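Student: Per the numbering used here, residue 114 is the first one in the sequence shown, and the count goes up by one each step.
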Amino acid sequence: MLIVANWKMNCLKADAERLLKQIKQNLAGNNDIVICPPYTMLSLAETSFIGSNIKLGAQDCSLNENGAFTGDISAKMLTDLNVEYVILGHSERRAYHNESNELVKKKAETAIKHNIKPIICIGETLDERKAGKTKDVVLEQINKRLPDSSNYVIAYEPIWAIGTGLTPSLDEIKEIHDFIANKKPNIKILYGGSVNENNCNEIAKVDNVSGFLVGGASLVAEKFNVIAQVSI
Ligand code: PGA
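1) Using a Cβ-Cβ cutoff of less than 6 Å, which residues in the same chain neighbour Ala317 once the five nearest sequence positions on both sides are dropped?
2) Taking Asp284 as part of the alpha helix (DSSP H), name the residues at either end of that continuous run.
3) Could you give the distance in angstroms between the alpha-carbon of Asp240 and the alpha-carbon of Lys246?
4) Measure the beta-carbon distance from Leu140 to Ile146 and round it to whole angstroms, keeping in mind my assumption that it falls under 8 Å.
5) Where DSSP assigns a beta bridge to Ala268, which residues make up the other side?
6) Please classify Gln138 as buried or exposed, where buried requires at least 16 other C-beta atoms within 10 Å of its C-beta.
7) Would you check if the segment 224-231 and the segment 205-216 touch, i.e. whether three or more CB-CB distances between them fall below 8 Å?
8) Report buried or exposed for Ser204, applying the criterion of at least 16 other Cβ atoms within 10 angstroms of its Cβ.
9) How far does the alpha helix (DSSP H) with Val343 in it reach, from first residue to last?
10) Figure out for me which residue from Leu216, Ala208, Leu169 has the closest Cα to the Cα of Ala193.
11) Our contact map puts Leu132 next to Asp173 with C-beta atoms below 8 Å; I'd like the distance itself, whole angstroms only.
12) Confirm the yes/no value for this check: CB of Glu270, any heavy atom of ligand 2, distance under 8 Å.
13) Measuring alpha carbon to alpha carbon, tell me which of Trp120, Tyr198, Glu237 ends up nearest Lys220.
14) One question on the structure: do Tyr304 and Phe325 come within less than 9 Å of each other, judged by their Cβ atoms?
15) Could you tell me the boundaries of the beta strand (DSSP E) in which Ala118 lies?
16) For ligand 1, any of its heavy atoms closer than 8 Å to the Cβ of Gly328?
17) Could you spell out the range, first to last residue, of the beta strand (DSSP E) harbouring Glu310?
18) Figure out for me which residue from Thr277, Ile272, Pro231, Phe292 has the closest Cα to the Cα of Leu176.
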């Protein structure tokens, strides 16, 4: 399984140092682990991962290669810090930075060009789910947001499940993961949205769930290390 920690905009240096140390010390199992700290902690995390199998991820990157783009970080800069994954199209970036499907796709293509594997988020809002439109929404995102190359990972994150403590039922997760897998065979599909140390084992057993994208629970080492050890 691929277990990805999304720290979002959390952690000052001392917190990050402590968290990385605790995660590293107690990490067990054979899963692939990726930690995506804020940009400011990438260098610190890179140093801290020396001698471990933990991989480094970022939470976004620019679609541009370099130049006059104040505040942006390029894929090449990430490669320079040994970043291997980048989360793209997270619902928080779509909501607060107006990221479109087309922009996410372009960013993904740039990341792939620089040997960084994008983890591309898709998922419906609560209104869309209530209106019975989940599959239509997800299909449109699949068609418009994913790059042509197959060198990426999908994260299915129902927006209403992110940070709320709510999750779809196991049957609902299976239905959507099967639907995505049918459209995109051979691509890993992570589940994200209120994954925690208590629900990870049962969700991991659902067909076509290849791992997790974990927000809140990834900031607590005791919780994240349980999720990191999940097995099917
Ligand atoms: P959560 O966040 O685990 O806190 O719900 C997941 C995410 O936003 O990737």
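For each residue, glycine too, the CB sits at the ideal point set by N, CA and C.
All values derive from a computational prediction rather than experimental measurement.
Tutor: Here's the rundown:
1) Here the set comprises Val343, Ile345.
2) Per DSSP, the continuous alpha helix (DSSP H) segment holding Asp284 begins and ends at 283-296.
3) If you draw a straight line from the Cα of Asp240 to the Cα of Lys246, it comes to about 9 Å.
4) About 7 Å; that satisfies the 8 Å criterion.
5) BP columns for Ala268 point to Cys234, Leu303.
6) Exposed is the call here.
7) Taking 8 Å as the limit for Cβ pairs, the verdict is that the segment 224-231 does not touch the segment 205-216.
8) When all chains shown are included, Ser204 counts as buried.
9) No alpha helix (DSSP H) contains Val343, which DSSP labels as neither H nor E.
10) For the sequence presented, residue 193 should be read as Asp rather than Ala. Cα-wise, what sits closest to Asp193 is Leu169.
11) No, Leu132 and Asp173 are not in contact; Cβ-Cβ is about 20 Å, not under 8 Å.
12) Judged by which ligands are present, ligand 2 is missing from the structure shown, whose ligands are ligand 1.
13) Of the listed residues, the one whose Cα sits closest to Lys220 is Tyr198.
14) Yes; because the gap between Cβ atoms is below 9 Å, this pair is in contact.
15) Counting along the chain, the beta strand (DSSP E) containing Ala118 begins and ends at 115-119.
16) Under cutoff, so the answer is yes.
17) Where Glu310 is concerned, there is no enclosing beta strand (DSSP E), given that its DSSP letter is neither H nor E.
18) Relative to the Cα of Leu176, the nearest Cα in the group Thr277, Ile272, Pro231, Phe292 belongs to Pro231.
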